[in-house]
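Visitor:
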Ligand code: NAD
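Numbering (this note's numbering), first residue to last: 9 to 274.
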């Protein structure tokens, strides 16, 4: 059993991680961490969730949490994850980083921590999306510009950015496969008299509405046939599932910073 500490246990992803660690046959919860001053600090994790006491006290003491853990899974914020990378490396504890929004300095600091520690960092922990990225690159590589590439994504009405980060990851993969740079071929959201499609363009379209969790289609439209790759997220638990898989996978790896591609062996 891999002993997993959850960082930010009261958060949206923290709660999801807790549920999935509890359901796992391969992992066990070793510590529940929250930020200093959080209401849950010092209280039993089971009790604060309205259930029976479970003997795990929510803590803000990272050193103590690391001491009793094989891995720490962290979906928090860059200001938390960057120093944690160094601390986890020093403690010999594997660090799974699902946090997003790092700047270049943050990424350099995490890469530095990866010289002595074991890290998996991925902006999308979904196993299916990472597989889709890889397949998109392979198919784009195999097909010429007779096959037009269009990426269509759908998200809930609260999403503020378009195209989604995942759609851009897919676009980057398609461009890589074709040996071109995405900014030079991206065609985002057509409107009006656009003229015929440019050969080699990679198109992006965004649907916003309701409670979509996240859907992505990559279309390769060629003469007489179309290939459509589709990923549908129907439960946010899939991000937590990927993170727990990464925490277990890291137990048998050498030091280094890895991505979900490595975890999946892609
Ligand atoms: P959230 O705000 O619901 O949860 C963050 C939690 O971290 C909060 O409970 C907060 O109190 C806690 N926290 C803050 N500072 C802390 C500290 N110093 N020590 C311990 N805990 C601390 O946010 P969320 O929706 O769970 O998302 C968190 C991050 O995960 C975001 O960056 C989001 O973009 C990212 N995310 C990534 C993926 C992926 O697949 N990689 C999927 C979903 C979300």
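All residues carry an ideal CB built from backbone N, CA and C; glycine is no exception.
Can you tell me where the alpha helix (DSSP H) holding residue 230 begins and where it ends?
Guide: As a first step, residue 230 is located in the chain shown; it is residue number 222 there, counting from the start. Element bounds for residue 230: not the alpha helix (DSSP H) but the beta strand (DSSP E), 222 to 230.
Visitor: Which residues in the same chain have their Cβ closer than 8 Å to the Cβ of residue 28, if we skip the five residues on either side of it in sequence?
Guide: As a position in the chain shown, residue 28 is number 20, starting the count at 1. Counting only Cβ-Cβ distances below 8 Å, and skipping sequence neighbours, we find 245, 248, 249 and 252.
Visitor: Give a yes or no on contact between the region 94 to 110 and the region 54 to 67, applying the rule of three or more CB pairs nearer than 8 Å.
Guide: No, they do not touch.
Visitor: Here's the rule I'm using: 16 or more other beta-carbon atoms within 10 Å means buried, otherwise exposed. How should residue 33 be labelled?
Guide: One-based indexing of the chain shown puts residue 33 at position 25. Exposed is the call here.
Visitor: Below 8 Å, how does it come out for the region 179 to 193 and the region 262 to 272: are there three or more Cβ pairs, yes or no?
Guide: No, because fewer than three Cβ pairs between the region 179 to 193 and the region 262 to 272 fall closer than 8 Å, the two stretches do not touch.
Visitor: Closer than 6 Å by C-beta to residue 222: which residues in its own chain qualify, once you throw out the five before and the five after it? Chain order, please.
Guide: Translated into positions along the chain shown, residue 222 becomes position 214. Cβ neighbours of residue 222 beyond the five flanking positions: 163 and 241.
Visitor: Tell me where the beta strand (DSSP E) around residue 128 begins and ends.
Guide: By one-based count along the chain shown, residue 128 stands at place 120. Counting along the chain, the beta strand (DSSP E) containing residue 128 begins and ends at 126 to 129.
Visitor: Below 7 Å, is the gap between the Cβ of residue 107 and the nearest heavy atom of the ligand NAD?
Guide: Along the chain shown, one-based indexing puts residue 107 at 99. It does: the Cβ of residue 107 is within 7 Å (strictly closer) of some heavy atom of the ligand NAD.
Visitor: Whose C-alpha, out of 129, 227, 14 and 213, is nearest the C-alpha of residue 182?
Guide: The residue you call residue 182 lines up with position 174 of the chain shown. Residue 227 is the option with its Cα nearest to residue 182.
Visitor: Check whether the Cβ of residue 42 sits closer than 7 Å to any heavy atom of the ligand NAD, and report yes or no.
Guide: Taking the chain shown and counting its residues from 1, one reaches residue 42 at position 34. For the ligand NAD, at least one heavy atom lies less than 7 Å from the Cβ of residue 42.
Visitor: Counting along the chain, where does the alpha helix (DSSP H) carrying residue 256 start and finish?
Guide: Against the chain shown, residue 256 aligns to sequence position 248. Note, residue 256: alpha helix (DSSP H), 245 to 258.
Visitor: Heavy atom of the ligand NAD less than 7 Å from the Cβ of residue 46, yes or no?
Guide: Working through the chain shown from its first residue, we reach residue 46 at position 38. Because some heavy atom of the ligand NAD lies under 7 Å away, the Cβ of residue 46 counts as near it: yes.
Visitor: DSSP three-state label for residue 174, please.
Guide: Counting from 1 along the chain shown, the entry for residue 174 is found at position 166. It is helical.
Visitor: Going by DSSP, what residue range makes up the alpha helix (DSSP H) through residue 94?
Guide: Here residue 94 refers to the residue found at position 86 of the chain shown. 86 to 99 is the span of the alpha helix (DSSP H), which, as asked, contains residue 94.
Visitor: Quick one: what's got a C-beta closer than 6 Å to residue 155's C-beta in the same chain, skipping five residues either side?
Guide: Translated into the one-based positions of the chain shown, residue 155 becomes position 147. Result list for residue 155: 228 and 230, in chain order.
Visitor: By Cβ distance, which residues of its chain are closer than 7 Å to residue 153, with the 5 residues on each side in sequence left out?
Guide: Taking the first residue of the chain shown as 1, we reach residue 153 at position 145. Once the five neighbours on either side are set aside, the close Cβ partners of residue 153 are 207 and 208.
Visitor: Any heavy atom of the ligand NAD closer than 7 Å to the CB of residue 20?
Guide: On the chain shown, position 12 is the one that residue 20 refers to. It does: the Cβ of residue 20 is within 7 Å (strictly closer) of some heavy atom of the ligand NAD.
Visitor: Return helix, strand or coil for residue 156, following the three-state DSSP convention.
Guide: Residue numbering aside, residue 156 sits at position 148 when the chain shown is read from its first letter. Note: residue 156 maps to strand in three-state DSSP.
Visitor: How big is the Cα-Cα spacing for residue 26 and residue 174?
Guide: As a position in the chain shown, residue 26 is number 18, starting the count at 1. As a position in the chain shown, residue 174 is number 166, starting the count at 1. Cα to Cα, the separation comes out at about 25 Å.
Visitor: Tell me, which residues are paired with residue 216 by DSSP?
Guide: Mapped onto the chain shown, residue 216 falls at position 208. 163, per the DSSP bridge assignment.
Visitor: Does the distance from the C-beta atom of residue 239 to that of residue 140 stay below 8 Å?
Guide: Position 231 of the chain shown, counted from the first residue, corresponds to residue 239. Position 132 of the chain shown, counted from the first residue, corresponds to residue 140. Yes, they are a contact pair.
Visitor: Apply the 10 Å Cβ neighbour rule to residue 35 and answer buried if 16 or more other Cβ atoms are within range, or exposed otherwise.
Guide: Walking along the chain shown from the start, residue 35 turns up at place 27. With 16 or more other Cβ atoms within 10 Å, it is buried.
Visitor: Mapping the DSSP letters down to three states, classify residue 208 as helix, strand or coil.
Guide: Along the chain shown, read from residue 1 onward, the residue named residue 208 stands at position 200. Here residue 208 sits in coil by DSSP.
Visitor: Within the same chain, show all residues whose beta-carbon is closer than 6 Å to that of residue 114, passing over the 5 residues directly before and after it, in chain order.
Guide: Locating residue 114 in the chain shown gives position 106, counting from the first residue. Excluding residues within five positions, the ones whose Cβ falls inside 6 Å are 86 and 90.
Visitor: For residue 264 and residue 201, I'd like the C-alpha separation in whole angstroms.
Guide: Looking up residue 264 in the chain shown gives position 256. Looking up residue 201 in the chain shown gives position 193. Looking at the two C-alpha atoms, the distance is approximately 50 Å.
Visitor: In whole angstroms, what separates the C-alpha of residue 82 from that of residue 18?
Guide: What you label residue 82 is simply residue 74 of the chain shown in a count that begins at 1. What you label residue 18 is simply residue 10 of the chain shown in a count that begins at 1. Approximately 12 Å, taken between the alpha carbons.
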